[in-house]
């Protein structure tokens, strides 16, 4: 049995990995797990939070070195400038409110407001890693609460 077979057979790993992906994050892993897997709601939420928090920490610590490396290439530099400018425009709340803005930005479960974009915004606005991790984790708990409540209510109907 290879790694892919293990992942495809293991509901815990599926939820954990799905919560780490930039498109799905816990906004998809929680409802998906509640609807299709035999795990308890607690297990699904816990795995989703752990996966999302882990990727948030990794992104925060990897952004600096990756940006430095990519900015040496003219094409990547233009792409990065576009992404940075777009994130700065969308992240005005984070800039103005800093810590609490980041909590709300990550905590409101809308498209493009999760841990990936929140980590990028925290990096761009120069928030400390320690405060960023605390704010992102708080935002993820808020987001998980909202998504879980909606999922349990709508899926049970």
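Numbering (this note's numbering), first residue to last: 276 to 432. Here a beta-carbon is modelled for each residue, glycine too, at the ideal position from N, C-alpha and C.
- Going by DSSP, residue 331 is part of the alpha helix (DSSP H) stretching over 316 to 345.
- For residue 352, the CB contacts under 6 Å within the same chain, skipping 5 residues up- and downstream, are 346 in chain order.
- Ranked by how close their Cα comes to the Cα of residue 321, the residues 412, 356 and 379 have 412 in first place.
- Excluding five sequence positions before and after residue 404, the CB atoms of its chain that fall closer than 6 Å to its own CB belong to 335, given in chain order.
- The Cβ atoms of residue 289 and residue 430 do not sit closer than 8 Å to each other.
- Its chain contains 293 as the residues whose beta carbon lies nearer than 7 Å to that of residue 307, once the 5 sequence neighbours on both sides are disregarded; these appear in chain order.
- The continuous alpha helix (DSSP H) containing residue 291 extends over residues 286 to 295.
- Relative to residue 422, the option among 398, 400, 317 and 350 whose CA is nearest is 317.
- In the DSSP annotation of this structure, the continuous segment of the alpha helix (DSSP H) that includes residue 395 starts and ends at 390 to 399.
- Between residue 338 and residue 398, the C-beta gap is smaller than 8 Å, which places the two residues in contact.
- Distances from the alpha-carbon of residue 391 to those of 375, 425, 315 and 358 put 358 closest.
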